[in-house]
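For the record, the sequence lines run as chains W and P. For what it's worth, our numbering labels the leading residue of the first sequence as 1, then goes sequentially. For what it's worth, our numbering labels the leading residue of the second sequence as 283, then goes sequentially. Backbone N, C-alpha and C fix where the C-beta goes; we use that ideal spot for every residue, glycine too.
Number of protein chains: 2
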Amino acid sequence: MRPTTLAVIGLEPLGGSLAWQARRAGIPRVIGYSPQPADAVRALKVDAISDMALTPEKAVHGADLIVIAASPTRTAQLIGALAPQASPDAILTDVASVKAPVCRAAAQHGLADRFAGSHPLPASTSATAGRTGPDLLRGAVVYVCPVGSSQGDQAVRQVMHFWSRVMEAEPVLIEAERHDRQVAWTRHLPQAVSCLLAKTLAARRLGGVSFGPGARDATRLAAEDPEDWADLLLENAGPILEALAKTERELTRLQTLLERGDRDGLRSYLADAAAFRRGIER
Amino acid sequence: MRPTTLAVIGLEPLGGSLAWQARRAGIPRVIGYSPQPADAVRALKVDAISDMALTPEKAVHGADLIVIAASPTRTAQLIGALAPQASPDAILTDVASVKAPVCRAAAQHGLADRFAGSHPLPASTSATAGRTGPDLLRGAVVYVCPVGSSQGDQAVRQVMHFWSRVMEAEPVLIEAERHDRQVAWTRHLPQAVSCLLAKTLAARRLGGVSFGPGARDATRLAAEDPEDWADLLLENAGPILEALAKTERELTRLQTLLERGDRDGLRSYLADAAAFRRGIER
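In structure tokens form, the structure reads like this:
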């Protein structure tokens, strides 16, 4: 769908960038709400939104497409709060990186035929570096998840159309539970491992030493917001715990190779790791 | 010291960059040897070296400073091979990132009063990205390690002087075992964790999924040469195993927090990790 009035609830980099790009694509009215009013004022000034709302409920008034851009926990809460406020024919989506709890909330609040979950993966690091931009989402892969009932087909089509035609992104249809198991590996496990490495180094309390670019890269994700990530990891705890159990096994294997001084085994282990990493280079 | 004839054994990024910068600093003769003759030819062409030698033994002939730029294992071997070939008053150093085995080899081969180990940490990522450059080492912190006997004071002074005056780097004196315990945490642990994450993801065999910038950053180190790293990790296995044991403990803590759904505990864990990471940002 190409909305006439788009409401964006949350203007942190992902929501703010989506609003901005929709404005550039010619959407006549983009109403923005941010829990930090200063963000909304900034967005107004650069014409990333056309209207600023002081509450999420006011933002969705008259909108034909509503995008919730918040953590998974907060997204599920907002779905409940906004379901009675949205126009009866409005389509809703979100951008949270965990989809099963969000889709369940939509079904619980009677939005099965009007909601489809979205999870965009910006191609650049600017989003994770906390910057809003008018073309952050262009070309991004966007996972789109049905609520689970066949009633939702229309909502899925509309949301996918919005991503491909208005946002010039690449929507991919995927079932929510499958999405969450996949993202547990591709995104949440790297986050968890980066954090546990940083935590281990923090606990060692090394004073006056130099950490080089290697240590900084391997722990970069750990600098991201702890509150947001506590929510994300807990919302997807099951699949992440499975991935961490496999990580534990690989840690034990590495320790054994080092204890035994097994040079050939260690080379083969590191060669598998290198082949994987070189294979995902852009 | 400011050498008249400098021999550089190994022209991979670190050795090649050192040679190049020494030439720029006006060292009249810089003799380079590389196991890959094409690297030496390239270095000659850009005047990163003034002379090319076909064997390490020929390279050190007449040199008053000899820099060995190879893996720790190979460095220890080269010390043994070159000790009888070097001029009796030549000073020797190296650039390997593990120092105790290298300093032990120097002592064993009668170089206690003429050898001091070096470990430069280039400030930029270009070295780890495999690029040679004429100013890679300018401003780098360089750990300099005595062989252990008081006889080595003169060698330490000369090597530190070379780093500060010729290379415009920042030499720091540190005892070899202490250096190796420290680098096990600052550099080798991030490498090991990045590799074990990549190995875990590789073993999962996810087909057709998108890995974003987060996963690519957290595993970037895993792309480095497996043979070199098998050597490095085994040469410093003791301190690295200590660091991995602490990592295992932090992994268990993270798993427990997720299993219990302990939001406050998880936030505090992630906040410690974030504070550490933000503290090492340049």
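Proximal residues of chain W, C-beta to C-beta of residue i below 8 Å
i	result
ARG560 of chain P	ALA223
TRP511 of chain P	LEU270
ALA484 of chain P	ASP272, ALA273, ALA275, PHE276
LEU533 of chain P	LEU196, LEU244, THR247, GLU248, LEU251
Exposed unless 16 or more other CB atoms sit within 10 angstroms - verdict on residue i
i	result
ALA355 of chain W	Outside the shown range of chain W, which is 1 to 282, sits residue 355 of chain W, and nothing can be said about it.
PRO428 of chain P	buried
GLN36 of chain W	exposed
LEU41 of chain W	Reading off the sequence, residue 41 of chain W comes out as Val, not Leu. The residue is exposed, with fewer than 16 neighbouring Cβ atoms inside 10 Å.
ASP264 of chain W	exposed
ALA127 of chain W	At ALA127 of chain W, the pLDDT of 43 sits below 50, so the modelled position is not reliable; the number obtained from the coordinates is stated separately. ALA127 of chain W comes out buried.
VAL349 of chain P	buried
ARG460 of chain P	exposed
LEU206 of chain W	exposed
GLU12 of chain W	buried
PRO310 of chain P	exposed
ALA372 of chain P	buried
GLN436 of chain P	exposed
GLU517 of chain P	buried
PRO226 of chain W	buried
PRO370 of chain P	exposed
ALA512 of chain P	buried
VAL328 of chain P	exposed
PRO56 of chain W	buried
PRO239 of chain W	buried
ARG165 of chain W	exposed
ALA527 of chain P	exposed
ASP297 of chain P	Position check: residue 297 of chain P holds Gly in this sequence, whereas Asp was assumed. With 16 or more other Cβ atoms within 10 Å, it is buried.
PRO84 of chain W	exposed
ARG413 of chain P	exposed
Contacts of residue i in chain W (Cβ-Cβ under 7 Å)
i	result
GLN473 of chain P	GLY214
ARG460 of chain P	The premise fails here: ARG460 of chain P is roughly 11 Å from chain W at the closest Cβ pair, so nothing lies under 7 Å.
ASP417 of chain P	Correct list: empty, because the minimum Cβ distance to chain W is about 16 Å.
SER476 of chain P	ALA218
ARG420 of chain P	Simply none; closest approach about 16 Å.
ALA480 of chain P	ALA273, PHE276, ARG277
LEU403 of chain P	SER210, GLY212
Nearest-angstrom beta carbon gap, residue j and residue i [assumed within contact, 8 Å]
i	j	result
ASP180 of chain W	VAL95 of chain W	About 15 Å separates the two Cβ atoms, so there is no contact after all.
ALA202 of chain W	ALA474 of chain P	That belief does not hold up - the Cβ atoms of ALA202 of chain W and ALA474 of chain P are roughly 17 Å apart, past 8 Å.
ALA519 of chain P	GLY261 of chain W	7 Å
VAL60 of chain W	ALA116 of chain W	Between ALA116 of chain W and VAL60 of chain W the Cβ distance is about 17 Å, and since that is not below 8 Å, they are no contact.
LEU347 of chain P	PRO285 of chain P	4 Å
LEU336 of chain P	ILE291 of chain P	That belief does not hold up - the Cβ atoms of LEU336 of chain P and ILE291 of chain P are roughly 12 Å apart, past 8 Å.
Contact set between residue i and chain P, taken where Cβ atoms lie within less than 7 Å
i	result
VAL209 of chain W	GLN464, THR468
ILE91 of chain W	Result: empty, since nearest Cβ-Cβ is about 25 Å, beyond 7 Å.
PRO226 of chain W	ARG549, LEU552, ALA553, ALA556
VAL141 of chain W	SER492
Under 9 Å by beta carbon: chain W residues contacting residue i
i	result
GLN537 of chain P	LEU241, LEU244, ALA245, GLU248
Proximity below 8 Å, CB of residue i to CB of residue j
i	j	result
ALA48 of chain W	ALA7 of chain W	no
LYS199 of chain W	TYR425 of chain P	no
ALA497 of chain P	THR186 of chain W	yes
LEU403 of chain P	VAL423 of chain P	yes
LEU418 of chain P	SER299 of chain P	yes
ARG560 of chain P	ALA223 of chain W	yes
LEU196 of chain W	ASP499 of chain P	no
LEU92 of chain W	LEU540 of chain P	no
GLY80 of chain W	MET52 of chain W	no
GLY421 of chain P	GLU450 of chain P	yes
LEU189 of chain W	LEU533 of chain P	no
PHE444 of chain P	MET283 of chain P	yes
VAL312 of chain P	ARG305 of chain P	yes
GLN255 of chain W	LEU523 of chain P	yes
ALA382 of chain P	ALA358 of chain P	no
PRO416 of chain P	GLN303 of chain P	yes
ASP228 of chain W	SER50 of chain W	no
Contacts that residue i makes with chain P (C-beta to C-beta distance below 9 Å)
i	result
GLY261 of chain W	LEU516, ALA519
Under 8 Å by beta carbon: chain P residues contacting residue i
i	result
LEU258 of chain W	LEU515, LEU516, ALA519, ILE522, LEU523, LEU526
LEU206 of chain W	GLN464, TRP467, THR468
At 3 residues or longer, what runs of the beta strand (DSSP E) sit wholly inside the stretch 110-188 of chain W? Fully enclosed beta strand (DSSP E) runs of 3 or longer: 116-121, 141-146, 170-173.
Which ranges would you report for the beta strand (DSSP E) in the stretch 20-67 of chain W if only whole runs of at least 3 residues count? Inside the stretch 20-67 of chain W, DSSP marks whole beta strand (DSSP E) runs of 3 or more residues at positions 29-33, from first to last along the chain.
What are the complete alpha helix (DSSP H) segments, minimum 4 residues, inside the stretch 477-547 of chain P? For the stretch 477-547 of chain P, the full-length alpha helix (DSSP H) segments reaching 4 residues or more read 495-500, 508-517, 519-542 along the chain.
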